[in-house]
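Residue numbers (this note's numbering), protein chains in the order written: chain A, 4 to 153; chain B, 86 to 233.
Note that beta-carbon positions come from the ideal geometry of N, C-alpha and C, so glycine has one too.
This is the structure in structure tokens:
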């Protein structure tokens, strides 16, 4: 059960944005360059992120993006659900229009297992905020804080 | 984040095997009919299960398969790993020889590894017997009520 590059890149890009946008904003071009992701792909991802209230766009010649809310209020679950097309181990328990009806739904012995799997993933993803990921980038050694990410 | 069809169908087929087994072996044809899965596909799945020591084959014209252990001794995790390989949400090897950077390492440690641990705990805490019991309950609940 693998997460797609879409979800993985989305989380990386949001962290990068959190670091580099500061009080201002940051362009997709720069994020794409640092993360070594195609700018086109990133654009698609950011459309989803914007639609789901995770980032805001700043228009203009020197426009870009900024986090739409506090890093402590954005969870990895929020990001993954925005970008992963089908955030579910099997289609019969997917949300909304991704759900595929299955004739065996009522008498399916494995359905509960897949539901528990989906719930477990959601639970963990919702317990980790962007802020916590940012804090984890810094290591403390002998009371000195060393910047881990360059 | 999808479970493969091997994992999904394989698990269903094993529940069917455990449920319908009365000590005798069960043919893939019968499982295929009940579960509406192709025999060819089941052959692939059961080949993996046999190699993993989860089922034993009984050869011959009236051959089939039996579970190698009691359903309560077969963890769902063991079955899924035999059919899916790793249950991790990300690939073990980084992309094309690139080294993991600080951001990726942070996400891996704080998120992916935690998800993997939770999934592994979940599937190793459920046995084939648990799924069969669940199935029995479902069948029982849907059985027609007879009024005397």
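Check	Outcome
Partners in chain A for residue 102 of chain B, counting only beta-carbon separations shorter than 9 Å	The contacting residues do not exist; residue 102 of chain B stays about 12 Å from chain A at best.
Enclosing alpha helix (DSSP H) for residue 136 of chain B [first to last residue]	124-136
Identity of the residue in B/99, B/224, B/197 nearest residue 150 of chain B by Cα	B/99
Three or more C-beta pairs below 8 Å linking the stretch 101-116 of chain B and the stretch 139-158 of chain B	yes
Where residue 149 of chain A falls: helix, strand or coil (DSSP)	Any reading at residue 149 of chain A must be qualified, since the residue scores a pLDDT of 48, below 50, and its modelled position is unreliable; the value itself is stated next. Reduced to three states, the DSSP call for residue 149 of chain A is strand.
Nearest candidate by alpha-carbon position, reference residue 11 of chain A, set B/174, B/93, B/214	B/174
Whole-angstrom distance between residue 93 of chain A and residue 139 of chain B, CA atom to CA atom	24 Å
Minimum Cβ-Cβ distance from residue 34 of chain B to chain A less than 7 Å	The structure shown does not extend to residue 34 of chain B, since chain B is modelled only from 86 to 233, so the question has no answer here.
Residue 146 of chain B versus B/135, B/113, B/156, residue with shortest Cα-Cα distance	B/113
Euclidean distance between Cα positions of residue 147 of chain A and residue 183 of chain B	Low confidence applies to residue 147 of chain A: its pLDDT is 44, below 50, so where it sits in the model is not reliable, and the reading given next is rough at best. About 29 Å.
Pair within 7 Å by beta-carbon distance, residue 196 of chain B and residue 131 of chain A	yes
7 Å Cβ cutoff met for residue 102 of chain B and residue 159 of chain B	no
Option in A/40, A/113, A/55, A/31 with minimal Cα separation from residue 68 of chain A	A/31
The stretch 161-175 of chain B contacting the stretch 121-134 of chain B, beta-carbon criterion three pairs below 8 Å	yes
Residue-level contact to chain A via CB, residue 88 of chain B, 7 Å cutoff	yes
Local Cβ density within 10 Å of residue 47 of chain A, reported as buried at 16 or more and exposed below that	exposed
Beta carbon of residue 21 of chain A nearer than 7 Å to that of residue 137 of chain A	yes
Interface partners of residue 93 of chain A on chain B, CB under 8 Å	87, 88, 93
Residues sharing a beta bridge with residue 137 of chain A, DSSP	Residue 137 of chain A is not bridged to any residue.
Cβ-based burial, residue 75 of chain A [other Cβ within 10 Å; buried from 16]	exposed
Contiguous beta strand (DSSP E) assignments of at least 3 residues, all confined to the stretch 29-81 of chain A	58-61, 67-70
Residue from A/23, A/120, A/87 whose Cα sits closest to the Cα of residue 161 of chain B	A/120
Of the listed residues A/13, A/18, A/64, nearest to residue 43 of chain A (C-alpha basis)	A/13
Chain A contact residues for residue 223 of chain B, given Cβ-Cβ distances below 9 Å	109, 110, 111, 112
Candidates B/163, B/210, B/217, B/194, of which the one nearest residue 136 of chain B by Cα	B/163
Three-state secondary structure assigned by DSSP to residue 160 of chain B	strand
Cutoff 7 Å: residue 33 of chain A Cβ touching any chain B Cβ	no
Alpha helix (DSSP H) segment containing residue 191 of chain B, residue limits	187-192
Closer than 6 Å: residue 104 of chain B CB and nearest the ligand SAH heavy atom	Absence of the ligand SAH is noted for the structure shown, with no ligands found whatsoever.
Interface positions of the stretch 11-28 of chain A facing chain B (Cβ-Cβ less than 9 Å), listed along the chain	11, 14, 15, 18, 19, 22
Nearest neighbour of residue 218 of chain B, chosen from A/124, A/78, A/110, A/17 [CA to CA]	A/110
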